[in-house]
DNA sequence: CGGCATCCGTGACGATACTG
DNA sequence: CAGTATCGTCACGGATGCCG
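Chains as they are written, first to last, in our numbering: chain A, 23 to 235; chain B, 23 to 235.
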C-alpha cells in the first residue's frame, strides 16, 4: 500500500503528472477494462491475465484515491462490489485511443502466448465509427457492444447490446484481427462481405458506406 | 539488461502492445525529451531529475531495440554520441499530447519539489497552435522554439530558433503556468498583454487572433 | 569529463496460499 | 467472491568506479 504519497516524477509537466496517476504497470489496462462499464474484482482479474491479486487490489485502491474509479455495492440480491470509472476516468479514452492507434503497427499476427478478449476489439472499432448509435458486435471470442459517439456513460460493454441495437455486426477472427491491426477498414470489410452487417438506420448506413467525407 | 525478450503483457490488443514498448517507467518522458531533437546522454540525465544512470542507459537501449530511437556519433570535433527519435518514435507525439491534455487538470500550482524545464511548456503551447511556422519562446526558465505544424523533424527544440523565427513570444512564469494548466488560452494571454508577441506573419496573426475557426 | 557499468539497499511485482 | 498474507524475484534509485 502507499501510506502517504505515491511515487511521483515531481516534474511541473502535465504529461508527467498524468503518468504519476496512470503510469504504473496495469493501470491503463484496468481503465480499458472499466471503459466497458462496472466490473467486479473477479471479472477484472479474469480479463487481465498475468496481474497478481495484490497488485490489482492495490491499483484499484490507487485509482479510487486518484479519482479515476469508484467502488460501489450493487443492490441486493447479489450484493457484490463493482468498480466503475468516474467521469475523470472516462476522460482517459483519448489516451487509450492514441496508444492503441500507435500500437496497431506493433500488433502483427496473434502470438500463441497472447490472450484475447472480445471487447478488446472495441477500441479499434470505435475509432472507425463516428456514430451516434448502438452497435452489437459478434466475434468468435464473444459478443460486445459499442455506444458509438456516446458523450457519457460506458463507451462499450461486454455481452449483447442492452436493448435493440441500431446495427449488428458479425466478424470472423481474421477480419477482426485485420481491422484491429489497421490493415483493413471496417467499411471495406463490410463491402467485401467479410463482415456481416444487419440494420437499416443511419449507423448501419455509415458502416456500409464508410465515413462521411 | 534484457537478454532475450522484454516483459510483455501478452495481450492481443494494440494498446497493450504500445504499453509493452513505452509503458515502462521513464520511457515516455525520455520520448518527451527527445522530441526536442537529438540529445546527449548527459543532457537527458540532467533534464530528467530522479532517473538513475543505469535505468536511463537501459531505457535508451530498449528504445533503440524497439525502433523508437537511434544512437549516432556526431561528426568530429566533439565526437559525442547523441540519441535521436526515429519517425516511429516521433509518432508518439499524439500519445504525449493526449496524456498532457488529460494531465492538465492535475497540474495545479507548482509544488516546491517540482522540477521545471523551459521546453516542457512546448507540448501545451503546441496544442494551442495550428501553424505552420517557427516560433521562439522566451521564459524565465529559458528559451526554446516550436516547429508548429511540422510534418517531420524535431517538433520543438531547446534554445533560440535555428534561423529567423516567424514569431517571438515572451512569457512570465505565471502566464506560462496558466497556459500549461489550461486555465488561460494563449491568444487571450497575448490580447491581455500578459504575453509579449512580436512578428507580423500568418503565425503571429494566428497567435494574436486566436485559432482560425 | 562524458558515458556508462557495477554494486547495493529498498520497494514493486508475480505466484501461490489462505481467510472472512 | 473478494480480497489479504507471505515470499521470492526483479526493477528501481543512489552512489561509486571505470575507461575512453
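C-beta: ideal position from N, C-alpha, C; glycine also.
Proximity winner among the options, relative to residue i (alpha-carbon distances)
i, options, result
"residue 146 of chain B", "A:130, A:36, A:162", "A:36"
"residue 174 of chain B", "B:111, B:64, B:118", "B:111"
"residue 132 of chain B", "B:153, B:199, B:60", "B:199"
"residue 49 of chain A", "A:196, A:102, A:224, A:66", "A:66"
"residue 119 of chain A", "B:38, B:128, B:228, B:223", "B:38"
"residue 138 of chain A", "A:213, A:172, A:228, A:161", "A:161"
"residue 104 of chain B", "B:144, B:58, B:142", "B:58"
"residue 204 of chain A", "A:144, A:84, A:129", "A:129"
"residue 143 of chain A", "A:171, A:180, A:46", "A:180"
"residue 231 of chain B", "B:163, B:153, B:186", "B:153"
"residue 186 of chain A", "A:221, A:206, A:211, A:192", "A:221"
"residue 79 of chain B", "B:157, B:88, B:71, B:63", "B:63"
"residue 89 of chain B", "B:72, B:113, B:71", "B:113"
"residue 191 of chain A", "A:71, A:83, A:100, A:157", "A:157"
Buried/exposed call for residue i, threshold 16 Cβ in 10 Å
i, result
"residue 177 of chain B", "buried"
"residue 102 of chain B", "exposed"
"residue 75 of chain A", "exposed"
"residue 135 of chain B", "exposed"
"residue 202 of chain A", "buried"
"residue 26 of chain B", "For residue 26 of chain B, the pLDDT reaches just 36, beneath the cut-off of 50, and the residue's location in the model is therefore unreliable, although a value from the coordinates is still provided. It counts as exposed."
"residue 24 of chain B", "Only weak support is given to the placement of residue 24 of chain B: the predicted model assigns it a pLDDT of 38, under 50, and the value that follows is read from those uncertain coordinates. Exposed, by the Cβ-count rule."
"residue 91 of chain B", "buried"
"residue 122 of chain A", "buried"
"residue 227 of chain A", "exposed"
"residue 117 of chain B", "buried"
Beta-carbon proximity of residue i to residue j, cut-off 8 angstroms
i, j, result
"residue 107 of chain A", "residue 56 of chain A", "yes"
"residue 124 of chain A", "residue 109 of chain B", "no"
"residue 208 of chain A", "residue 150 of chain A", "yes"
"residue 159 of chain B", "residue 169 of chain B", "no"
"residue 52 of chain B", "residue 95 of chain B", "no"
"residue 165 of chain B", "residue 182 of chain B", "yes"
"residue 197 of chain A", "residue 217 of chain A", "yes"
"residue 45 of chain A", "residue 29 of chain B", "no"
"residue 34 of chain A", "residue 42 of chain A", "no"
"residue 229 of chain B", "residue 219 of chain B", "yes"
Close-in-space but distant-in-sequence residues of the same chain around residue i (CB under 6 angstroms, 5 per side omitted)
i, result
"residue 225 of chain B", "155, 188, 189"
"residue 194 of chain B", "none"
"residue 73 of chain B", "48"
"residue 212 of chain B", "219, 229, 230"
"residue 163 of chain A", "138, 140"
"residue 214 of chain A", "none"
"residue 100 of chain A", "none"
Contacts around residue i, its chain only, beta-carbon distance under 7 angstroms, and the 5 residues preceding and following it disregarded
i, result
"residue 61 of chain A", "55, 104, 105"
"residue 93 of chain A", "86, 103, 105"
"residue 97 of chain B", "none"
"residue 141 of chain B", "58, 166, 178, 180"
"residue 69 of chain A", "55, 139"
"residue 77 of chain A", "48"
Close beta carbons around residue i, own chain, < 8 angstroms, minus the five adjacent residues each side
i, result
"residue 223 of chain B", "155, 188, 189"
"residue 148 of chain A", "119, 168, 170, 177, 178"
"residue 210 of chain A", "232"
"residue 71 of chain B", "137"
Contact list for the stretch 109 to 121 of chain B against chain A, Cβ threshold 7 angstroms: 113, 114, 116, 117, 118, 120, 121
Contact residues within the stretch 26 to 43 of chain B, judged by C-beta distance below 7 angstroms to chain A: 31, 32, 33, 34, 35, 36, 37, 38, 39, 40, 41, 43
Residues in the stretch 137 to 153 of chain B having any Cβ partner in chain A nearer than 9 angstroms: 137, 138, 139, 142, 143, 145, 146
Residues within the stretch 193 to 205 of chain A neighbouring chain B, beta-carbon criterion of under 9 angstroms: 199, 202, 203, 204
Short-range partners of chain A found in the stretch 69 to 98 of chain B, where Cβ spacing is below 8 angstroms: 71, 72
Residues, ordered as in the chain, of the stretch 49 to 60 of chain A that lie near chain B by beta-carbon distance below 9 angstroms: 50, 51, 54
Interface residues of the stretch 153 to 180 of chain A facing chain B [CB-CB below 9 angstroms]: none
Under 8 angstroms (Cβ pairs) to chain A, residues found in the stretch 213 to 233 of chain B: none
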